[in-house]
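What follows is one structure encoded as structure tokens, with my remarks underneath.
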Amino acid sequence: MSRSALLNAPASKDAGVFRTWAGSPAEVHLLGLEGWERAAIEVLLDRAAHYRAMLRAGRVSDALRGVAVCLAFFEDSTRTRVSFELAAHRLSAMPVPLFTQGSSMSKGETLLDTLRTVVSMRVELIVVRHGSAGAVAYLAQHLDAGVINAGDGAHEHPTQGLLDLLTLRDAWHGRFEGRRIAIVGDVAHSRVARSAMFGLRAVGASVTVAGPPTLMPAGIEALGCAVAPSVEEAMRDADAVMALRIQRERMERSLIPSTGEYARVWGVNEERVALMKPDAVVLHPGPFNRDVEITSDVVDGPRSVVLSQVENGAAVRCAVLERCARARAQLRNERLQHVAPEICA
Ligand code: NCD
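Next comes the structure, spelled out in structure tokens:
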């Protein structure tokens, strides 16, 4: 199948099958992909493919009617925030956006107090992006709501990991085994890279990372990936490459000599893309800095799947919202039955 035929193909044959989650309490939150089993990932990707078909058909679902979903973004975002908001609308939920500016956090209220206030208004799910690794897990412990991680510091970005897996599953014709991706750039500060590594490892693909030593975390091999000394070695014969933005906002001081030098030594360009397998694809989570970590011709070129990633992001977020809302409903019923059985009778 040609690349464009592949991208425009209908969702997988599983797409119409309505597989629901049991609603286990463990599924109330989505904090990271670390520790996920392959089977659980595949169920979620199949459900996302179902939602992708629905979105392509311009349809809307009733799955989350009446469920309030707070979108609490304490760091800038375009793709993740807009796609979560759209996903909530497409499922007939009630999205409630919340930012630092314009909320009482700008008056000194703590993160927990602000979100407890929101939850008291019967908000069932909170999607959180925060600059501190671990902030989302802390909230999940202290809030009576399902908490979904939309990126916490340099820790994890699980819905990005899932949308990357869905994009690669399509590009690789449904098989992860024997495939290898090169992840190139600022690995040290990348929650995207960490979630991708956990997910790819779980489904049986292999990962090679490459980047400047100052942007490579010590002990990265413990996450199950290989480290290449150069971008060329990482990309040679790879089945995909993921370029990462330099996350200056997470650096206390500059860790690279200059952007020109960085682009020359570590940038993903046409010459380097030609080292990969003929059908290999190019991913980037966005936002991209054109002609720094990736050249403009590669972003816009035939191997680029960056817009498929964005489309898949909306579908994955539908599946994740549904999963957490179902688990949450299940949990609340159990609690209601326990506390006041007459209400459920
Ligand atoms: C990433 C993020 O915020 O972690 N972007 C995204 O969610 N699509 C990567 C980045 O900011 O470079």
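Sequential numbering of the sequence shown, starting at 5, is according to our numbering. Ideal Cβ positions, reconstructed from N, Cα and C, are used throughout, including at glycine.
Cα-Cα separation between S16 and D66, rounded to whole angstroms: Unreliable positioning characterises S16 in this predicted model, as indicated by a pLDDT of 36, which lies under 50. The coordinate reading is nonetheless provided below. Rounded to the nearest angstrom, the two C-alpha atoms are 22 Å apart.
Residues of its chain near L68, where Cβ-Cβ distance is below 8 Å and the 5 sequence neighbours each way are ignored: A92, L95, S96, A97, L325, E326 and A329
Nearest residue (CA-CA) to L227, options L35, V32 and G39: When only C-alpha atoms are compared, the closest one is G39.
Contacts around R206, its chain only, beta-carbon distance under 8 Å, and the 5 residues preceding and following it disregarded: The amino acid at residue 206 is misidentified as Arg; the sequence shows Ala. Only L37, W40, E41, R42 and I45 meet the Cβ criterion.
C-beta contact flag for A214 and R184 at 8 Å: no
CB contact flag (I250, E297, <8 Å): Taking 8 Å as the Cβ cut-off, I250 and E297 qualify as a contacting pair.
Pairwise C-alpha distance: A278 and R133: 36 Å
D304 versus S312: straight-line alpha-carbon distance, rounded: 12 Å
Span separating the alpha-carbon of S107 from that of V64: 30 Å
Beta carbon of V188 nearer than 8 Å to that of V235: yes
T263 CB to nearest heavy atom of the ligand NCD below 7 Å: no
DSSP beta-bridge partners of N153: V132
For P221, the first and last residue of its enclosing alpha helix (DSSP H): For P221, no alpha helix (DSSP H) segment is defined, and its DSSP state is neither H nor E.
With 16 other Cβ atoms within 10 Å as the buried cut-off, status of R252: exposed
Separation of A57 from S87, as counted between CA atoms: 16 Å
Which of helix, strand or coil DSSP assigns to F202: helix
Presumed contact (8 Å Cβ cut-off) between F78 and G135, rounded CB distance: Their Cβ separation, rounded to whole angstroms, is 7 Å, which keeps F78 and G135 in contact under 8 Å.
Nearest to A323 (by Cα), restricted to the options G271, V140, R126 and T163: The residue with the shortest Cα to Cα distance from A323 is T163.
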